[in-house]
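For reference, the structure is listed below as structure tokens.
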Amino acid sequence: MTGSEQASCACDTPRAEQIAQLNDRLRKTGQGGEIFFTRSIVESTELSPVAIMQALARYDAFDADNDPHGERDFGDIDVAGTSLFWKIDYYNRDKTFGSDDPADPEVTARVLTVMLPEDW
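Counting in this note's numbering, the sequence shown runs from 150 upward without gaps.
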């Protein structure tokens, strides 16, 4: 796909779907942002970072309760019998404020955080 075809495609894609595709890329591949685990996950001896990343990549249980805006930016996963939440936030490139346009990867720093429910 050429650059102009990609630009045309992006214009035809609803804003929430553009954001969702960028979020999927981060969640499934680790590209297009940063992924963090809360301290409680890092300190756990039962939770493998590899298993968490695999569960994130497989996640597809989006519904009206956990994805009301269609951006695919929140979910819950089970890893080694432990329930975890994950959430994607959108910041400006300096990560000092929220992003003015989460659909634009040029102005948005995506941050996916994986946490225990009690970390929320």
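Heads up, the beta-carbon is just placed ideally off N, CA and C, and yes, glycines get one too.
Straight-line CA distance for residue i to residue j?
i: residue 192; j: residue 256; result: 33 Å
i: residue 211; j: residue 227; result: 15 Å
i: residue 219; j: residue 195; result: 32 Å
i: residue 235; j: residue 250; result: 21 Å
i: residue 261; j: residue 197; result: 17 Å
i: residue 223; j: residue 269; result: 12 Å
i: residue 209; j: residue 225; result: 10 Å
In the structure shown, what three-state DSSP assignment does residue i receive?
i: residue 162; result: coil
i: residue 170; result: helix
i: residue 268; result: helix
Give a yes or no on whether the minimum CB-CB distance between residue i and chain E is below 8 Å.
i: residue 243; result: The displayed structure is made up of one protein chain only, and chain E is not part of it.
From the options, pick the residue whose C-alpha is nearest to that of residue i; which is it?
i: residue 237; options: 229, 173 and 163; result: 173
i: residue 167; options: 182, 246, 252 and 177; result: 252
i: residue 180; options: 164, 265, 202 and 187; result: 202
i: residue 199; options: 269, 263, 268 and 267; result: 263
i: residue 171; options: 254, 267 and 213; result: 254
i: residue 216; options: 268, 164 and 169; result: 169
i: residue 233; options: 188, 248, 175 and 240; result: 188
i: residue 267; options: 185, 184 and 190; result: 190
i: residue 183; options: 246, 230, 248 and 239; result: 239
i: residue 265; options: 186, 213, 175 and 162; result: 186
Within the stretch 184–264, note down every full alpha helix (DSSP H) run reaching 4 residues or more, in order along the chain.
188–191 and 198–207
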